[in-house]
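Going by our numbering, the sequence shown wraps up at 345, each residue one higher than the last.
Beta carbons: idealized from backbone N, C-alpha and C, even for Gly.
Predicted model, so just to flag it, every value in this text is computed and none were measured.
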Amino acid sequence: MATIYYDRDADLSLIRAKKVGIVGYGSQGHAHALNLRDSGVEVRVGVHPGSRRAGAARAAGLPVGSVEEIAAWCDVLMVLAPDTAQAKIYRDWIAPHFEGKAPGAKTLLFAHGFNIHYKTIEPPASVDVGLIAPKAPGHRVRETYAEGGGVPGLIAVREGSRPEVKALVLSYAAAMGNTRAGVIETTFSEETETDLFGEQAVLCGGASALIQAGFQTLVDAGYQPEVAYFECLHELKLIVDLMYRGGLKYMRFSVSDTAEWGDYVAGDKVIGAESKAAMKQLLADIQSGAFAREWIAENETGRAKFLAARRAGANAPIEAVGAKLRKMMPFLDPIEVDPDGSQP
Ligand code: NAP
Numbered sequence: 002m003a004t005i006y007y008d009r010d011a012d013l014s015l016i017r018a019k020k021v022g023i024v025g026y027g028s029q030g031h032a033h034a035l036n037l038r039d040s041g042v043e044v045r046v047g048v049h050p051g052s053r054r055a056g057a058a059r060a061a062g063l064p065v066g067s068v069e070e071i072a073a074w075c076d077v078l079m080v081l082a083p084d085t086a087q088a089k090i091y092r093d094w095i096a097p098h099f100e101g102k103a104p105g106a107k108t109l110l111f112a113h114g115f116n117i118h119y120k121t122i123e124p125p126a127s128v129d130v131g132l133i134a135p136k137a138p139g140h141r142v143r144e145t146y147a148e149g150g151g152v153p154g155l156i157a158v159r160e161g162s163r164p165e166v167k168a169l170v171l172s173y174a175a176a177m178g179n180t181r182a183g184v185i186e187t188t189f190s191e192e193t194e195t196d197l198f199g200e201q202a203v204l205c206g207g208a209s210a211l212i213q214a215g216f217q218t219l220v221d222a223g224y225q226p227e228v229a230y231f232e233c234l235h236e237l238k239l240i241v242d243l244m245y246r247g248g249l250k251y252m253r254f255s256v257s258d259t260a261e262w263g264d265y266v267a268g269d270k271v272i273g274a275e276s277k278a279a280m281k282q283l284l285a286d287i288q289s290g291a292f293a294r295e296w297i298a299e300n301e302t303g304r305a306k307f308l309a310a311r312r313a314g315a316n317a318p319i320e321a322v323g324a325k326l327r328k329m330m331p332f333l334d335p336i337e338v339d340p341d342g343s344q345p
């Protein structure tokens, strides 16, 4: 059984007694900085030269400095830059202010275990290392906190940590609002491997491929792309909302008996033995470090394959149909991003 902690298990005064630095002001960075500040924690934001978001942090009233300045100033540093940039950030700007200090003087935190698990960052034992991974995109982390709630999260400490580290990590999770919903205790390896597997097999890779294959099957058979879009993408949200509230069982309760029967007889044909074997292989590559090595190498060699895949995805037929239909549905709050991935 998982160990789950709630507000009553956390002592907010621990993190309120620390100076907390946040590296990056992106999706997670802005949510951490603002939630901590609103929970009475002293926070500063560390940005890189040429940062696009430094202005937004200043506009929110947060003190901003270079990553080095913030690393030198803080007791606790949460690293919320992209995972592939973190090793260099640590080496160049954080390590000089963290290594060689008294044990426990500095705490390094992450929202995803990638760099600690795959050992691209290896702080000495004198640096305390922890993980607080909110289980939601950053904008939801902030919105939910501001509404008085919180998103659930995962917490972990590096193996062999002093007991005080877990109490501090829990205190940080409380200031983020995560313990309002509950945080599950995990390890760096479990968080990293399950997170990568979930996004590859189900949430991003699996879901995108399923949507596109369904759309393409209908269009190739001569059906209107607009109808195919509604069937294979738009309605997925409505189905997932039902699952989110009451599990698969509630979704099946809510859809027609015909849809429910279709679910039972078709699902295993779509996700058959071949797909299940592919999932096992994805997991094996994550566990062995093969996926991480390939992704790190892709980043170190200019990201050509990544950028080509991003452009091809943005130019897929389903995207043009979807953009046109979404414009006619302002209540969806439609949003368009550039193929190069820049923010709207
Ligand atoms: P993000 O939205 O891409 O934001 C990254 C931030 O880091 C930006 O403010 C960016 O600067 C800054 N940055 C980029 N390169 C930098 C560098 N070399 N030095 C210092 N700062 C740099 O990232 P994110 O999605 O929030 O992810 C941050 C961490 O949270 C990752 O470990 C990720 O795995 C984890 N996480 C993310 C989510 C999520 O929902 N996104 C969920 C759970 C965990 P500018 O834009 O200012 O130029």
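Any non-hydrogen atom of the ligand NAP within 8 Å of residue i CB
i: L234; result: no
i: G30; result: yes
i: Y26; result: yes
i: R54; result: yes
i: A112; result: yes
i: D84; result: yes
i: Q87; result: yes
i: V65; result: no
i: P135; result: yes
Buried versus exposed call for residue i [16 or more other C-beta atoms within 10 Å across all chains shown]
i: T108; result: buried
i: R143; result: buried
i: D12; result: exposed
i: A103; result: exposed
i: F332; result: exposed
i: I5; result: exposed
i: I170; result: Looking at the sequence provided, one finds Val at residue 170 rather than Ile. Classification for V170: buried.
i: D196; result: buried
i: Y224; result: exposed
Host beta strand (DSSP E) of residue i (start-end)
i: H272; result: Sequence inspection shows Ile at residue 272; the His mentioned does not correspond to that position. Premise fails: I272 is in no beta strand (DSSP E) and is neither H nor E.
i: P153; result: Run containing P153: none; DSSP gives neither H nor E here.
i: L109; result: T108 to F111
i: V322; result: No beta strand (DSSP E) holds V322; the alpha helix (DSSP H) holding it covers P318 to K328.
i: I133; result: D129 to P135
Between the CA atoms of residue j and residue i - distance to the nearest angstrom
i: S1; j: V228; result: For residue 1 there is no data in the structure shown, the boundaries of the chain being 2 and 345.
i: A88; j: T121; result: 6 Å
i: D39; j: G30; result: 14 Å
i: F99; j: H113; result: 20 Å
i: G131; j: D93; result: 20 Å
i: R54; j: G263; result: 47 Å
i: A310; j: C205; result: 14 Å
i: V220; j: V203; result: 24 Å
i: V166; j: F231; result: 49 Å
i: I16; j: K325; result: 48 Å
i: E236; j: H118; result: 37 Å
i: I185; j: E191; result: 11 Å
i: A126; j: V77; result: 15 Å
i: M330; j: D339; result: 20 Å
i: T85; j: E295; result: 12 Å
i: R163; j: Q201; result: 34 Å
Residue i, enclosing alpha helix (DSSP H) - first and last residue
i: Q249; result: The question names Gln, but residue 249 is Leu in the sequence shown. Note, L249: alpha helix (DSSP H), E236 to S255.
i: I336; result: That residue, I336, is in no alpha helix (DSSP H); it is neither H nor E in DSSP.
i: A309; result: A305 to A315
i: D93; result: Premise fails: D93 is in no alpha helix (DSSP H) and is neither H nor E.
>> Runs of 3 residues minimum, wholly inside the stretch 13-82: which ones carry the beta strand (DSSP E) assignment?
In response: 20-24, 43-48, 65-67 and 77-80
> Can you list the alpha helix (DSSP H) stretches of 4 or more residues lying completely in the stretch 159-236, in chain order?
Replying inline: 164-176, 179-182, 189-198, 206-221 and 226-230
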